[in-house]
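Worksheet for the structure shown next.
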Amino acid sequence: MNVPETFFSVREELTLFGLSCLAGAVIGLCYDALRAFRLMLRHGVWLTALEDIVFLALYAVFLSAFASAAARGELRFYHVVGNALGFTLYFFTLGSIIIRIFRKLFGALAALIRAVTSPIRRLYVLLRKKAGVKFVGSSKILRKAIKMLNLVLPNRGKVRYNIMENIKRKNVNNVAKKN
């Protein structure tokens, strides 16, 4: 009877720790891609939190896949420690350099876009000022007309809209008295 191995040797555990450190660096690279996306499209706190939650969920899937593929389905604490160590080393060495490059690149791209669109923005501002003056004047006239419509009709004796009791209408049959 051939009994399968149920433990890892020290060499295999060190190899798995090195692989998990390397995987942590790859995770750091993926996180830098997320940070670059955040630099391109700035958004609020809730969307950032949602992105981080999705990133952590994907990390959990990756960690279980790593344990299944490389460690015979055994998840060990040193896998997580190796991931954290590789991520931290990448984040504070290459990651900071890459993000600085992305910031400069996106800053230059934003300056180029601002330079190209500045005549359009100036035209928009000019048209908005002119339209704002016209709109304010017309809105005052419109507001005055709305106030005139909202006036309560005066009660002048037997004017048709003031008579409420016993109005007899022609050509209308009383539905309740039909047999």
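Numbering (our numbering), first residue to last: 819 to 997. For each residue, glycine too, the CB sits at the ideal point set by N, CA and C. Source: prediction; values computed, not measured.
What are the start and end residues of the alpha helix (DSSP H) that includes residue i?
i, result
"Leu903", "Phe895 to Tyr908"
"Arg856", "Val828 to Met858"
"Thr866", "Val863 to Ala888"
With C-beta atoms as the reference, is residue i less than 8 Å away from residue j?
i, j, result
"Ala883", "Leu893", "no"
"Tyr896", "Phe855", "no"
"Ala843", "Leu907", "yes"
"Arg999", "Ile917", "Absent from the model: residue 999. The displayed extent of the chain is 819 to 997, so no value can be given."
"Ile845", "Tyr877", "yes"
Just confirm the distance between the C-beta atoms of residue i and residue j, as a whole number of angstroms; I'd bet it's less than 8 Å.
i, j, result
"Phe924", "Met858", "6 Å"
"Lys838", "Gly904", "Residue identity differs from the one stated: residue 838 is Ser in this sequence, not Lys. Between Gly904 and Ser838 the Cβ distance is about 7 Å, and since that is below 8 Å, they are a contact."
Residue i: which of the options sits nearest, CA to CA?
i, options, result
"Phe825", "Gly891, Gly862 and Arg853", "Gly891"
"Glu830", "Ala889, Leu840, Ala841 and Tyr877", "Ala889"
"Gly900", "Trp864, Ala841 and Ser827", "Ala841"
"Arg860", "Ser936, Ala887, Ala928 and Thr935", "Ala928"
How about residue i: is its C-beta nearer than 8 Å to some C-beta of chain C?
i, result
"Leu930", "The structure shown contains no chain C, having only a single protein chain."
Please determine whether the Cβ atom of residue i lies at a distance below 7 Å from any heavy atom of the ligand HEM.
i, result
"Ala885", "Because no ligand of any kind appears in the structure shown, any question about the ligand HEM cannot be addressed here."
| How about the stretch 838–851 and the stretch 867–880: do they share at least three Cβ pairs that are nearer than 8 Å? | yes
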